[in-house]
Every structure is written in structure tokens, then in C-alpha cells.
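Engineer: Numbering (the numbering used here), first residue to last: 44 to 589. Even glycine gets a Cβ: it sits at the ideal position worked out from N, Cα and C.
Here you go:
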């Protein structure tokens with residue numbers, strides 16, 4: 044089950060009717076507020092700049108909040124805090140890796156904004172003009188976005204069914220359709236500006252909740268960090284070994300390689316997710332993009348510090364044994380902590396705390412899926428339809444109309460796959476999406492931005508070879524089959540004894556890009572020479588293209 048399904052199940056089992064009513068009310072209020080924001084802040088005219096970037100009118104601070112919203116997913120909120128609670132050192136190191144991902148993105152933000160316009164295809168086409176690079180960009184974007192979209196929609200659908208008390212056959216599928224239609228509505232009505240405001244509201248809610256929860260944890264331990272660490276050690280069940288590595292996946296060589304691979308995918312994959320790259324194109328220029336990213340690092344550092352404090356608090360206040368009894372991965376540590384701390388306060392305050400934490404989990408997903416859908420739809424409309432199929436000879440009004448239809452197509456496919464996959468453990472799709480981003484998008488962007496000999500052949504080898512290798516490795520891994528938590532637990536045909544295969548896939552992606560460029564034709568056409576000149580002007584010199 045996903046984090047959201049577990050969260051809703053725990054809410055149904057442990058909360059009273061008043062708490063549940065408060066959560067449902069807050070959840071519905073956020074839905075109404077989000078739709079209102081999207082309608083009021085949606086595109087004022089049917090131009091591509093307005094729909095894809097909001098005419099770049101957001102300030103660096105607003106862009107930073109929206110970018111932070113892209114990075115805060117249910118996996119970050121529940122997964123990292125839970126891993127801190129049940130695995131100590133491993134969870135803390137994963138929190139650091141999540142912050143490092145934004146640090147890596149900071150190194151790329153300026154050049155990416157100078158090179159890009161709207162989509163990943165614009166970045167690829169700067170060095171390799173023509174339909175081939177556009178099709179490759181759309182392939183990479185959809186390959187990364189679809190698994191992540193299916194995971195989020197499936198979790199949100201099943202969780203909404205539990206939250207509303209719907210237990211009949213097909214309830215989760217119906218709620219998946221409901222959540223998916225909401226996501227389509229957010230994106231179609233709001234475009235980049237509307238989804239940005241939804242992300243900003245979400246970050247405000249989540250950050251306020253986490254700061255409050257961290258404050259209550261520190262107050263519970265007398266504002267003494269030493270007392271908090273000692274309580275976490277004692278309550279975790281590991282005692283003085285709590286802050287030693289190896290509790291998450293074992294202390295064997297294979298276990299350590301698996302966790303290293305997961306950290307690699309978080310740092311490198313998280314830095315180049317397509318919806319994150321599209322977000323930075325809403326900045327006015329490279330300098331503004333870097334400024335917004337620096338603000339994002341500060342916000343993420345505060346958020347992740349609160350997540351770590353909450354995880355340590357859960358280990359000390361709730362206890363590792365009780366957390367693992369609910370979920371072995373610790374995904375419910377945050378809600379269990381809120382329930383426990385709420386019991387130490389007055390009835391209303393405790394209900395408000397529990398409601399805030401539960402609602403934060405749900406709104407996190409609703410905001411993230413809108414950004415993912417927008418980036419996938421832009422790849423279809425801008426890269427495939429407007430440029431690969433029509434050669435760039437399409438009016439802006441028609442392209443925006445195509446993008447809105449593409450949102451419906453992507454959303455419909457995501458809804459179908461998520462509804463079909465209900466009941467399966469889809470958490471491994473996170474590993475797949477991050478590994479695909481790290482092994483295809485990152486090498487293509489780095490080579491394209493900083494290596495003058497990178498050519499179209501290298502780009503195609505990077506994208507198609509990276510997608511193929513990463514997908515095959517995923518199918519052959521423990522994430523797909525061989526364990527009770529695999530996507531197909533009833534089968535066992537794994538060949539790779541790892542859950543995250545990024546440690547293998549990422550070097551292969553870089554190797555394929557280098558090899559493809561080496562064997563590609565050396566003679567450059569006039570178009571390629573002109574593209575190289577544009578690359579030097581915009582990336583190396585910093586000439587802007589509006």
C-alpha cells in the first residue's frame with residue numbers, strides 16, 4: 044500500500060468521528076480553495092508563455108515556494124520521517140540526500156534557464172535541432188512522469204475512499220477517477236500560474252504544520268536536543284546502535300549498495316525531474332532562477348530539519364515497536380506522533396494538530412500531480428505536436444488548446460493505470476521514476492549544456508538507451524518481483540538483488556551518451572553549426588531569448 048492509503052487507514056481506525064469530520068472538512072476546503080485559485084489566477088490569454096510559464100511574473104520568493112512544493116511529495120513527508128523513526132542514521136542520511144538534490148539543481152538552474160524556453164525539448168533542441176530531439180525529450184518526460192503520476196493517483200484514490208468511509212467494491216477506483224479529474228481541472232484551468240499558487244498554499248500548510256510539530260516535540264523533551272536523541276535511542280529498540288548505518292536495508296554489502304543506489308537516485312534524479320525543470324523556466328532569467336533555487340534550499344533545509352526532529356520524536360514518544368507494528372517501513376510515524384502529542388494537549392488542540400498533519404499529507408499529493416500532469420502535457424503538445432509533427436508552424440492559441448487536450452489525455456491514461464493497479468504495492472515506481480530521471484535526463488542535460496562534442500547521436504543513445512536499460516533493470520530487480528513488497532509479489536524472476544538500480548543505470552546513461560557522441564557523424568551540417576552558435580550565446584555567454 045502507498046503512504047496515503049496507510050495514512051487514511053490509520054485515520055479511520057484511530058481517530059474519533061469529530062477528528063475525521065475535521066479532516067474531511069479541511070480536505071474539501073482545500074479542494075474548493077485550489078479550484079478557486081486556478082480559476083482566478085489562470086491564463087489571461089491563450090499564449091504559450093502564459094500557459095506554460097505564467098508569463099514569468101512570479102517573484103523569486105514565489106517561485107521558490109512553488110519549487111519547494113515540487114520537491115515535497117508524500118514520500119518525502121511520510122517516508123523520510125518514518126525512516127528516521129525506525130532506522131535512525133539511514134533516515135537522516137536520506138533527508139540530507141533530499142536537500143542535496145536541490146543543491147545539485149542549483150548548479151544547473153542558471154544554464155538550464157538560459158538554454159530552455161518551456162520544456163525539456165527546448166533544451167535538447169538547442170544543440171540538436173529537428174524532430175528527433177523533440178521526440179526523445181517527450182519520451183524521456185513521459186517515461187519519468189507516468190510512473191510517478193500513477194503512484195500518486197493510486198495512493199490518493201484509495202486514501203480518499205478510506206477517508207470518506209467507502210469500503211464497497213470499486214470504491215478506490217471511483218475515488219481515483221475523482222482525484223484524477225480534480226488534477227485535470229487544476230491544470231487545464233490554471234496552467235503554470237494556477238498550479239504555482241496551489242503549490243504555494245500547499246507549502247504554507249505543510250511547513251506550518253511541520254514547524255508546529257517539531258516545536259511540540261522539542262517542548263515535550265524540555266527543548267533539550269540531547270534529551271531528544273537519548274529518548275529516540277531508547278525508544279527505537281536499537282539503543283546505542285540507532286545512529287549506526289544499516290537498519291533500513293541490512294548491513295550486508297548488497298544492502299549497503301542498495302541504500303547507496305537509493306541515495307544516488309534521490310540526489311541525481313530529484314535534481315532533474317521534468318516538472319522541476321519546467322518550473323525553473325518560469326523564472327525571468329538565469330540569475331533569477333539561481334536566486335529562487337537558493338531560497339528553495341533554505342526552505343527545504345528548514346522543512347527537512349523539522350522532518351528529522353519529528354522522526355526522532357516519533358521514535359522516542361511513540362516507540363519503534365509500535366510504529367513497525369503499523370507499518371514496517373515507518374510510513375505512519377508522523378500520524379502516530381501527532382496522535383500521541385495530541386493526547387497530551389486539550390481536546391480541541393489535539394484534534395487540530397491531528398487534522399493539520401493528516402490534511403498536509405493529502406494536499407501534498409493533490410498539488411504534486413498537477414505539476415507532473417502539466418509537464419507531461421507540455422511535452423505532448425509543445426514538443427510532439429507543435430514541433431515534431433508541425434515543424435513549429437502552429438499558432439499559440441492552437442498549441443494551448445492542444446496542451447489542454449493533452450492534459451486530459453495524460454490524466455486519463457494516469458487514471459486508467461492507477462485504477463487498474465489498485466491493491467498493488469506501487470512504491471517501487473518511485474525508484475523507477477528517479478532512476479529514469481538520473482540515467483536519461485541528467486546525462487542529456489549535462490552533456491548538452493557543458494560538452495561541445497555532444498551530438499544528436501549521443502542524445503538519442505542517452506535517452507533511448509537509458510530508458511531501455513533502466514526499465515530492464517527495474518523489471519529484473521527486487522522492486523518488481525521476488526519479495527512481499529514487490530510490484531508483483533506472486534512472482535519471482537528477479538536477476539538483480541537490489542531494489543533501487545540507479546547505481547547501475549546512471550553510469551550506463553552517461554556511458555551511452557559518450558559512446559553515441561563518439562560514433563556519431565563528425566561532419567556538421569549548417570543547422571548543427573547554427574545550433575552550436577546558439578548554445579554558446581545562450582549558455583556560455585548568457586544571451587537571453589524571450
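1. Taking Cβ to Cβ, would you say residue 596 is nearer than 9 Å to residue 321?
2. Assuming residue 543 contacts residue 474 under a Cβ cut-off of 8 Å, what Cβ separation, rounded to an integer in Å, is found between them?
3. Do residue 559 and residue 491 have their CB atoms nearer than 9 Å?
4. Kindly give me the distance between the Cβ atoms of residue 302 and residue 291, rounded to whole angstroms, as I take these residues to be in contact under 8 Å.
5. Give the secondary structure of residue 495 by DSSP, where H, G and I count as helix, E and B as strand, and everything else as coil.
6. Helix, strand or coil: how does DSSP classify residue 438 here?
7. Thinking residue 519 and residue 343 are a contact (beta carbons under 8 Å), I'd like their distance in whole angstroms, please.
8. Count the CB pairs spanning the stretch 357-364 and the stretch 269-276 that are closer than 8 Å, and state whether there are at least three.
9. Per the contact definition of three or more C-beta pairs closer than 8 Å, is the stretch 401-416 in contact with the stretch 259-272?
10. Using the DSSP secondary-structure output, state which residues sit across from residue 539 in a beta bridge.
11. Let me know if residue 566 comes out buried or exposed under the rule of 16 or more other beta-carbons within 10 Å of its beta-carbon.
12. With DSSP run on the structure shown, which of helix, strand or coil describes residue 417?
13. Buried or exposed, going by whether 16 or more other CB atoms sit within 10 Å of the CB of residue 434?
14. Taking C-beta to C-beta, are residue 191 and residue 472 nearer than 9 Å?
15. Please work out which residues of its chain come closer than 6 Å, Cβ to Cβ, to residue 112, disregarding the five sequence neighbours upstream and downstream, and give them in chain order.
16. Does the Cβ-Cβ distance between residue 237 and residue 81 come in under 9 Å?
17. Can you check DSSP and say which residues form a bridge with residue 78?
18. Which two residues bound the contiguous alpha helix (DSSP H) that contains residue 263?
19. State the DSSP-derived secondary structure class of residue 586, mapped to helix, strand or coil.
20. Could you check if residue 457 is buried or exposed, using at least 16 other CB atoms within 10 Å of its CB as the buried criterion?
21. Starting from residue 288 and walking both ways along the alpha helix (DSSP H), at which residues does that stretch end?
Structural biologist: Looking at the atomic coordinates:
1. Here the chain covers residues 44 to 589 and nothing more, so residue 596 does not appear.
2. Position 500 of the chain shown, counted from the first residue, corresponds to residue 543. Position 431 of the chain shown, counted from the first residue, corresponds to residue 474. Contact between residue 543 and residue 474 is confirmed by a C-beta separation of about 5 Å, below the 8 Å threshold.
3. For this step, residue 559 is matched to residue 516 along the chain shown. For this step, residue 491 is matched to residue 448 along the chain shown. Not closer than 9 Å, so no.
4. Within the chain shown, numbered from 1, the residue matching residue 302 stands at position 259. Within the chain shown, numbered from 1, the residue matching residue 291 stands at position 248. Right, the Cβ-Cβ distance comes to about 6 Å (below 8 Å), so this counts as a contact.
5. Residue numbering aside, residue 495 sits at position 452 when the chain shown is read from its first letter. The answer is coil: DSSP assigns residue 495 none of H, G, I, E or B.
6. Against the chain shown, residue 438 aligns to sequence position 395. Here residue 438 sits in coil by DSSP.
7. Looking up residue 519 in the chain shown gives position 476. Looking up residue 343 in the chain shown gives position 300. Actually they are not in contact, since the Cβ atoms of residue 519 and residue 343 sit about 33 Å apart, beyond 8 Å.
8. yes
9. Output reads no: the stretch 401-416 does not touch the stretch 259-272.
10. Working through the chain shown from its first residue, we reach residue 539 at position 496. 520, per the DSSP bridge assignment.
11. Residue 566 sits at position 523 when you count from the first residue of the chain shown. Caution applies to residue 566, whose pLDDT of 44 falls short of 50 and renders its modelled position unreliable; the model cannot decide the point.
12. What you label residue 417 is simply residue 374 of the chain shown in a count that begins at 1. Correct three-state label for residue 417: helix.
13. Here residue 434 refers to the residue found at position 391 of the chain shown. Classification for residue 434: exposed.
14. For the purposes of this step, residue 191 is taken as residue 148 along the chain shown, with counting starting at 1. For the purposes of this step, residue 472 is taken as residue 429 along the chain shown, with counting starting at 1. Taking 9 Å as the Cβ cut-off, residue 191 and residue 472 qualify as a contacting pair.
15. Along the chain shown, one-based indexing puts residue 112 at 69. Answer for residue 112: 242, 245, 246, 410, listed in chain order.
16. Translated into positions along the chain shown, residue 237 becomes position 194. Translated into positions along the chain shown, residue 81 becomes position 38. Yes.
17. For the purposes of this step, residue 78 is taken as the residue at position 35 of the chain shown. BP columns for residue 78 are empty, so no partner.
18. Numbered from 1 along the chain shown, position 220 holds the residue referred to as residue 263. Per DSSP, residue 263 belongs to the alpha helix (DSSP H) from 214-263.
19. In the chain shown, counting from the first residue as 1, residue 586 sits at position 543. With a pLDDT of 48 at residue 586, under the threshold of 50, the modelled position of that residue is not reliable, and the figure given next carries that caveat. If DSSP states are grouped into helix, strand and coil, residue 586 belongs with coil.
20. As a first step, residue 457 must be located in the chain shown, where it is residue number 414. The Cβ neighbour count for residue 457, taken over all protein chains shown within 10 Å, is at least 16; the residue is labelled buried.
21. For this step, residue 288 is matched to residue 245 along the chain shown. Where residue 288 is concerned, there is no enclosing alpha helix (DSSP H), given that its DSSP letter is neither H nor E.
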